[in-house]
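Written out below as structure tokens is the structure these notes cover.
Number of protein chains: 2
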Amino acid sequence: MSWRPALPRLPILEWGRELDRPALLDDTLAGVIVAVMIIPQSLAYALLAGLPAQAGLYASIVPLVLYALLGSSRVLAVGPVAVVSLMTAAAVGEFAHVHTAHYAEVALALALLSGLMLTVMGLLRLGFIANFLSHPVISGFITASGLLIAVSQLKTLLGVQAGGHTLPEMLISVTLQAHAISGLTAAVGFGALVFLLVVRGGLNPLLRSCGLSPRAADLSAKLGPIGAILVTTVAAAALDWQSLGLKTVGAIPAGLPPLTLPTWDLALWKELATPALLISIVGFVESVSVGQTLAAKRRQRIDPDQELVALGAANVGAAFTGGFPVTGGFSRSVVNFDAGARTPLAGLVTAAGIVLATLLLTPALFHLPQATLAATIVVAVLSLVDFKMLARTWRYSKPDFIALAATMALTLLQGVEMGLVAGVTVSLALHLWRTSQPHIAEVGLVPGTEHFRNVHRHQVRTTPELVSLRVDESLYFANARAIEDRINDAVARQPALRHVVLQCSAINDIDASALDSLQAIDERLREAGLQLHLSEVKGPVMDRLQRSDFLQRLSGRVFLTHYQAVMSLTPAVDGRPRS
Amino acid sequence: MSWRPALPRLPILEWGRELDRPALLDDTLAGVIVAVMIIPQSLAYALLAGLPAQAGLYASIVPLVLYALLGSSRVLAVGPVAVVSLMTAAAVGEFAHVHTAHYAEVALALALLSGLMLTVMGLLRLGFIANFLSHPVISGFITASGLLIAVSQLKTLLGVQAGGHTLPEMLISVTLQAHAISGLTAAVGFGALVFLLVVRGGLNPLLRSCGLSPRAADLSAKLGPIGAILVTTVAAAALDWQSLGLKTVGAIPAGLPPLTLPTWDLALWKELATPALLISIVGFVESVSVGQTLAAKRRQRIDPDQELVALGAANVGAAFTGGFPVTGGFSRSVVNFDAGARTPLAGLVTAAGIVLATLLLTPALFHLPQATLAATIVVAVLSLVDFKMLARTWRYSKPDFIALAATMALTLLQGVEMGLVAGVTVSLALHLWRTSQPHIAEVGLVPGTEHFRNVHRHQVRTTPELVSLRVDESLYFANARAIEDRINDAVARQPALRHVVLQCSAINDIDASALDSLQAIDERLREAGLQLHLSEVKGPVMDRLQRSDFLQRLSGRVFLTHYQAVMSLTPAVDGRPRS
Numbered sequence: 214m215s216w217r218p219a220l221p222r223l224p225i226l227e228w229g230r231e232l233d234r235p236a237l238l239d240d241t242l243a244g245v246i247v248a249v250m251i252i253p254q255s256l257a258y259a260l261l262a263g264l265p266a267q268a269g270l271y272a273s274i275v276p277l278v279l280y281a282l283l284g285s286s287r288v289l290a291v292g293p294v295a296v297v298s299l300m301t302a303a304a305v306g307e308f309a310h311v312h313t314a315h316y317a318e319v320a321l322a323l324a325l326l327s328g329l330m331l332t333v334m335g336l337l338r339l340g341f342i343a344n345f346l347s348h349p350v351i352s353g354f355i356t357a358s359g360l361l362i363a364v365s366q367l368k369t370l371l372g373v374q375a376g377g378h379t380l381p382e383m384l385i386s387v388t389l390q391a392h393a394i395s396g397l398t399a400a401v402g403f404g405a406l407v408f409l410l411v412v413r414g415g416l417n418p419l420l421r422s423c424g425l426s427p428r429a430a431d432l433s434a435k436l437g438p439i440g441a442i443l444v445t446t447v448a449a450a451a452l453d454w455q456s457l458g459l460k461t462v463g464a465i466p467a468g469l470p471p472l473t474l475p476t477w478d479l480a481l482w483k484e485l486a487t488p489a490l491l492i493s494i495v496g497f498v499e500s501v502s503v504g505q506t507l508a509a510k511r512r513q514r515i516d517p518d519q520e521l522v523a524l525g526a527a528n529v530g531a532a533f534t535g536g537f538p539v540t541g542g543f544s545r546s547v548v549n550f551d552a553g554a555r556t557p558l559a560g561l562v563t564a565a566g567i568v569l570a571t572l573l574l575t576p577a578l579f580h581l582p583q584a585t586l587a588a589t590i591v592v593a594v595l596s597l598v599d600f601k602m603l604a605r606t607w608r609y610s611k612p613d614f615i616a617l618a619a620t621m622a623l624t625l626l627q628g629v630e631m632g633l634v635a636g637v638t639v640s641l642a643l644h645l646w647r648t649s650q651p652h653i654a655e656v657g658l659v660p661g662t663e664h665f666r667n668v669h670r671h672q673v674r675t676t677p678e679l680v681s682l683r684v685d686e687s688l689y690f691a692n693a694r695a696i697e698d699r700i701n702d703a704v705a706r707q708p709a710l711r712h713v714v715l716q717c718s719a720i721n722d723i724d725a726s727a728l729d730s731l732q733a734i735d736e737r738l739r740e741a742g743l744q745l746h747l748s749e750v751k752g753p754v755m756d757r758l759q760r761s762d763f764l765q766r767l768s769g770r771v772f773l774t775h776y777q778a779v780m781s782l783t784p785a786v787d788g789r790p791r792s
Numbered sequence: 214m215s216w217r218p219a220l221p222r223l224p225i226l227e228w229g230r231e232l233d234r235p236a237l238l239d240d241t242l243a244g245v246i247v248a249v250m251i252i253p254q255s256l257a258y259a260l261l262a263g264l265p266a267q268a269g270l271y272a273s274i275v276p277l278v279l280y281a282l283l284g285s286s287r288v289l290a291v292g293p294v295a296v297v298s299l300m301t302a303a304a305v306g307e308f309a310h311v312h313t314a315h316y317a318e319v320a321l322a323l324a325l326l327s328g329l330m331l332t333v334m335g336l337l338r339l340g341f342i343a344n345f346l347s348h349p350v351i352s353g354f355i356t357a358s359g360l361l362i363a364v365s366q367l368k369t370l371l372g373v374q375a376g377g378h379t380l381p382e383m384l385i386s387v388t389l390q391a392h393a394i395s396g397l398t399a400a401v402g403f404g405a406l407v408f409l410l411v412v413r414g415g416l417n418p419l420l421r422s423c424g425l426s427p428r429a430a431d432l433s434a435k436l437g438p439i440g441a442i443l444v445t446t447v448a449a450a451a452l453d454w455q456s457l458g459l460k461t462v463g464a465i466p467a468g469l470p471p472l473t474l475p476t477w478d479l480a481l482w483k484e485l486a487t488p489a490l491l492i493s494i495v496g497f498v499e500s501v502s503v504g505q506t507l508a509a510k511r512r513q514r515i516d517p518d519q520e521l522v523a524l525g526a527a528n529v530g531a532a533f534t535g536g537f538p539v540t541g542g543f544s545r546s547v548v549n550f551d552a553g554a555r556t557p558l559a560g561l562v563t564a565a566g567i568v569l570a571t572l573l574l575t576p577a578l579f580h581l582p583q584a585t586l587a588a589t590i591v592v593a594v595l596s597l598v599d600f601k602m603l604a605r606t607w608r609y610s611k612p613d614f615i616a617l618a619a620t621m622a623l624t625l626l627q628g629v630e631m632g633l634v635a636g637v638t639v640s641l642a643l644h645l646w647r648t649s650q651p652h653i654a655e656v657g658l659v660p661g662t663e664h665f666r667n668v669h670r671h672q673v674r675t676t677p678e679l680v681s682l683r684v685d686e687s688l689y690f691a692n693a694r695a696i697e698d699r700i701n702d703a704v705a706r707q708p709a710l711r712h713v714v715l716q717c718s719a720i721n722d723i724d725a726s727a728l729d730s731l732q733a734i735d736e737r738l739r740e741a742g743l744q745l746h747l748s749e750v751k752g753p754v755m756d757r758l759q760r761s762d763f764l765q766r767l768s769g770r771v772f773l774t775h776y777q778a779v780m781s782l783t784p785a786v787d788g789r790p791r792s
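These protein sequence lines map, in sequence, to chains V and A. First residue of the first sequence? That's 214 in the numbering used here, and the numbers climb one at a time after it. First residue of the second sequence? That's 214 in the numbering used here, and the numbers climb one at a time after it.
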């Protein structure tokens, strides 16, 4: 139980000193590339979250600056991301109608609350909470979220008004609007979608065959969406598609992000606490796993508690500058890394790029079709969907599969919050159930050796007077009774029994409940004329046992090795226990 | 994951054949002694539960018969017990006012629901659910319940009207009624209390010095309450204390238990589900631990799943015969055992004794002062209160102490349900937190041996090219990241590192999350030019790993022993790794 609060550091003081001319150049180039990539993404994810497009730009300025100052990853690119935007839409939609001023206020409150939670978790070193999202739960959740997001874009691709936060709701809602589909919107949307899928699949090899280096080809393919956006925006402007029913991004106020004060409505905050916590944890998990993967490639480390503080500050920043919840994104961080970013200076450059965009580019975005943005979202989230892990997890572990399937099903059918909560609950319950049924093997001596093996798997020597049990699990409250049952069973089956020896080599801990059980076992054995012995007890476990009176009251002894125990308890003529 | 539903047995077919003349005599004697002991107890616990006194008698007839037919313990005595009665009062008090017909109906519904839950848990072999009540939670809960029950009797001992379900509520309620204290009631109540405490402390040695055998002396002392009841009942009748304000048990309808049909109010059932589950689990835990302790003394076994079915049937029986939730009681079972009971026939004799009491004894109980019953309850529950375990648990394990203290505090201040739920939550959270921070030791070779020990505790050989890490915990989602962190740390600290070897002797399981982590670690190490190896992987873990593609993709190898791993990865001239 070692725990101390974290003092937040300012990593900029470390990487700031490493900045030289080549690093400056690399970071500037990477920052510009990421800015170009995330301008449309930010608009798209703001729309996904149910907010005006400019909120996405605002969420990509101050949060990036704060993360650059505080973050421990050198290359993580922070901003609005798909899954967190979906969760924001689901959470805020409970309290306000889309496209209202109150909706935006609730989104700001959500960002503030999530930012404060992340910061406090970081300062209190509570980052381990994120560990309770098991990988099957995360991958089930991400795959289901990707599907939900893709389906949620159907309405924009088809140019209809529809709603819903679960798969059936969204499908029904879109189907009911089938009569209102706009042919032009669908043409633009699905045209962009097909173009993007082709770029994604075919452009990379094509560019390489034209002589481009693999990295450059890869980067160009990733910037493909810019092409789709340029073409459809110019076409919409030139042909006045807006008058034909095509929805575009429309007027975005030019200028720096506004100073926004989140609402101090405590009743609302209380209601937002659960979604804010879930958004915080999901965002943190996504961000940290990207950060760790990229850091390891350069033998660097990231500090999860510092990351919590940095992501917390980024979200608080988003709340005060007209944004919404943000986190470290996978694809933009990879682009940043591949483009050669060396320090968080790249993030500052990206932020500066977005500032320029909000000052100069907003008129150009007026004619950008929303259907094109929807197509870029669909293509982006398809990479989140991974059905192969269903089969892989089924093969590897049934309990993990149950947790995965429960998370996926509930996320699709009941929404993101229910899916996550159910996933965590199911995976914890299954873990506890599994450890509550520990593997306990009766072992016997392998002839000619000092080794003991499972009597059911090996030809080993045993004796009717002594039973050797090896417990393959730490002893704690949930499995304490199983040990009692197992020993009672052995005693009831072997009438000649005089000694029970527990081989403790796999026991890493014995909690108070298990200690009580051992004491009860010992007393019952003593009353029935038997002795309980332990062998191969680990150091830390022995230290703890010595803080109780268990060892003084133990009917038998504690042996260093199991062989010694069996030898001295059942001495035989030939120095071997009777078989 | 082996699981099969249980087929309930009829243990009477086993012990019925063993019945011979001596057993018949022993069982009859024990049954009569227990009947005499539990008549006043049943009345007292019915009043504690807020029900009319006769409900206690009714709850001690049919449930005993059903348990005798189905129970796997030979000597467990079933009926109303203190803690379950307190929980009944707390649960039913939420939905009805004491002394109303609806209150009794809700109590019947609670018994039925609890009985059905227990039966279903038994048939589905879900008895392991009870394991999640850790011993510190149980002992904190029992001690706090004992205190609550003792304090709840103050109002009866003082003859005032007071209420409340938590310690502060009850104390304030009684204090506000201080002006209404009945001097006569207080004299009878505290007189009986002092008498019982003296009997408890002094009678046993006195009787022994008079030549009684220790067992007979002990039994006589346990029947002490009967003396207090006889004296005060006779005095109350002779001196007409009732007219002076002393409350007595009053008129009890003579005759067999009524046939009662619990209410089929589904909304009520839904609300009662949580308290019924808690009552079921607490009752089961209490009953099974008594049963196991007594069975082990005679080298017998009890079957927890069969116990669930038997206790479930007993509660269903109580629900249809005017009773309330019952379970196996500690003191009455010990009396049954000490009096020589050999088979559940003793329980049938007890039930017959209670039937006689309901037919013949009820007029005699009319003048029994409620204050005397309250005194017997206070003395009985004082044995539940154990403050020494606070110090003992503090010394042994801080997390267990936290769970214990949280359970006690919340039970006293917020009531029994809140206390139990909080206790379970805290103990699960602490267990998960503890296993999420696994002990990982860097180990080195003990010179001249093939053993590896912690580099911080022993003089061992290591090499800058290879790091050996021993993980003292199964790998699962909550600790997977900790392993990643530890390895990242080792790699960042040792620039010359080429091999990371995980010694897996204490790893009993690797779940899908941990497998993903190992895979991520392996990929990161490979990209940094390092290899990951495993040694001493257990059979079941290896079986599971072979169902994934981890072993094919592993950068390094799997070694049978850690010594082989180190020898073949860092061969040196003298056959030992470089130190």
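Backbone N, C-alpha and C fix where the C-beta goes; we use that ideal spot for every residue, glycine too. The model shown is predicted, which means the values in this text are computed figures rather than measured ones.
(request) Output yes if chain A places a C-beta closer than 8 angstroms to the C-beta of V:Arg760; else output no. (result) Numbered from its first residue, the first sequence carries residue 760 of chain V at position 547. Yes, because at least one Cβ of chain A sits closer than 8 angstroms to the Cβ of V:Arg760.
Segment limits, beta strand (DSSP E) that includes A:Ser681:
As a first step, residue 681 of chain A must be located in the second sequence, where it is residue number 468. Residues 679–684.
| request: In the DSSP assignment, find the alpha helix (DSSP H) that holds A:Gln627 and state where it starts and stops. | output: Looking up residue 627 of chain A in the second sequence gives position 414. Per DSSP, A:Gln627 belongs to the alpha helix (DSSP H) from 611–627.
- Task: For V:Arg674, name the three-state secondary structure that DSSP assigns.
- Result: Within the first sequence, numbered from 1, the residue matching residue 674 of chain V stands at position 461. Of the three classes helix, strand and coil, the one that applies to V:Arg674 here is strand, per DSSP.
Could you work out which residue in V:Ile355, V:Val684, V:Met631 is closest to V:Ser649 when comparing CA atoms only? The count along the first sequence starts at 1 and reaches residue 649 of chain V at position 436. Selection V:Ile355, V:Val684, V:Met631 evaluated against V:Ser649 yields V:Val684 as nearest (Cα-Cα).
Next on the checklist: Against chain A, with Cβ distances strictly below 8 angstroms, would V:Pro753 count as a contact?
Outcome noted: To locate residue 753 of chain V, count along the first sequence from 1; it is residue 540. Closer than 8 angstroms to some Cβ of chain A, the Cβ of V:Pro753 qualifies, so yes.
A:Gln374 burial status per 10 Å Cβ neighbour count (16 or more: buried)
What you label residue 374 of chain A is simply residue 161 of the second sequence in a count that begins at 1. Exposed.
| Run through DSSP, which three-state label would V:Ala654 get? | Numbered from 1 along the first sequence, position 441 holds the residue referred to as residue 654 of chain V. DSSP places V:Ala654 in strand when its eight states are reduced to three.
Same chain, Cβ closer than 6 angstroms to V:His580, five either side skipped, listed in chain order: Translated into the one-based positions of the first sequence, residue 580 of chain V becomes position 367. Setting aside the 5 residues that flank it on each side, V:His580 is surrounded in the same chain by Thr446, Ala449, Ala450, Thr461, each with a C-beta closer than 6 angstroms to its C-beta; the list follows chain order.
**Request:** Establish whether the CB of V:Ala554 and some CB of chain A are separated by less than 8 angstroms.
**Result:** As a position in the first sequence, residue 554 of chain V is number 341, starting the count at 1. Chain A contact via Cβ: absent.
(Q) Please report the distance separating the alpha-carbon of V:Thr369 from that of V:Ala584. (A) Here residue 369 of chain V corresponds to residue number 156 of the first sequence, with the count starting at 1. Here residue 584 of chain V corresponds to residue number 371 of the first sequence, with the count starting at 1. Distance between the alpha carbons of V:Thr369 and V:Ala584 is about 5 angstroms.
- [ ] Identify the contact partners of V:Pro488 in chain A, using a Cβ-Cβ distance below 9 angstroms as the criterion.
- [x] As a first step, residue 488 of chain V must be located in the first sequence, where it is residue number 275. Those do not exist, as V:Pro488 stays about 21 angstroms from chain A at its closest Cβ, beyond 9 angstroms.
query = Along the segment 341–352 of chain V, what residues have a CB closer than 7 angstroms to any CB found in chain A?
reply = Phe341, Asn344, Phe345, Ser347, His348, Pro349
Next on the checklist: Taking the straight line between their C-alpha atoms, what separation do you get for V:Thr676 and V:Glu749?
Outcome noted: Counting from 1 along the first sequence, the entry for residue 676 of chain V is found at position 463. Counting from 1 along the first sequence, the entry for residue 749 of chain V is found at position 536. Roughly 20 angstroms separates the two Cα atoms.
Problem set entry | Minimum length 4: unbroken alpha helix (DSSP H) runs contained in the segment 218–300 of chain A | 225–231, 234–261, 266–271, 275–283
Please return the same chain residues whose Cβ sits closer than 6 angstroms to the Cβ of V:Ile355, not counting the five positions on each side in sequence. Position 142 of the first sequence, counted from the first residue, corresponds to residue 355 of chain V. Closer than 6 angstroms at the Cβ level, and outside the excluded window around V:Ile355, lie Leu597.
#### Entry: Close-in-space but distant-in-sequence residues of the same chain around V:Leu481 (CB under 8 angstroms, 5 per side omitted)
In the first sequence, residue 481 of chain V corresponds to position 268, counting from 1. Phe308, Val319, Ala322.
- Message: Classify A:Trp477: buried if its beta carbon has 16 or more other beta carbons within 10 angstroms, exposed otherwise.
- Response: Your numbering for residue 477 of chain A matches position 264 in the second sequence. Classification of A:Trp477: exposed, given that the 10 Å Cβ count is below 16.
6 angstroms CB neighbourhood of A:Ile653 in its chain, flanking five on each side removed:
As a position in the second sequence, residue 653 of chain A is number 440, starting the count at 1. If we look at A:Ile653 and ignore the five residues flanking it on each side, its Cβ neighbours are Leu682, Val684, Arg699.
Practice task
Look at the Cβ atom of A:Phe763, then the Cβ atom of A:Leu738, and state whether they are nearer than 8 angstroms.
Solution key: Along the second sequence, read from residue 1 onward, the residue named residue 763 of chain A stands at position 550. Along the second sequence, read from residue 1 onward, the residue named residue 738 of chain A stands at position 525. No, they are not a contact pair.
>> At 4 residues or longer, what runs of the alpha helix (DSSP H) sit wholly inside the segment 522–569 of chain A?
In response: 543–551, 558–569
For A:Asn549, go through chain V and note every residue whose CB falls closer than 9 angstroms to its CB, in chain order.
Working through the second sequence from its first residue, we reach residue 549 of chain A at position 336. Ordered by position in chain V, no residue passes the 9 angstroms Cβ test against A:Asn549, which lies about 18 angstroms from the chain.
What would DSSP say about A:Leu782, mapped onto helix, strand or coil? As a position in the second sequence, residue 782 of chain A is number 569, starting the count at 1. Helix at A:Leu782.
Three-state secondary structure (DSSP) at V:Met214?
What you label residue 214 of chain V is simply residue 1 of the first sequence in a count that begins at 1. Because the pLDDT of V:Met214 is 39, which lies under 50, any placement of that residue in the model is unreliable, and the question is left without a value.
Checklist entry - So, helix, strand or coil for A:Pro475, using DSSP? => result Against the second sequence, residue 475 of chain A aligns to sequence position 262. Collapsing the DSSP output to three states places A:Pro475 in coil.
With 16 other Cβ atoms within 10 Å as the buried cut-off, status of V:Glu793: In this structure chain V extends from 214 to 792, so residue 793 of chain V is not present and cannot be described.
_Spatial neighbours of V:Pro612 within its chain, please: C-beta separation below 7 angstroms, excluding the five flanking residues on both sides._
Stepping through the first sequence from its first residue, residue 612 of chain V is reached at position 399. The answer, listed in chain order, is Leu643, Arg647.
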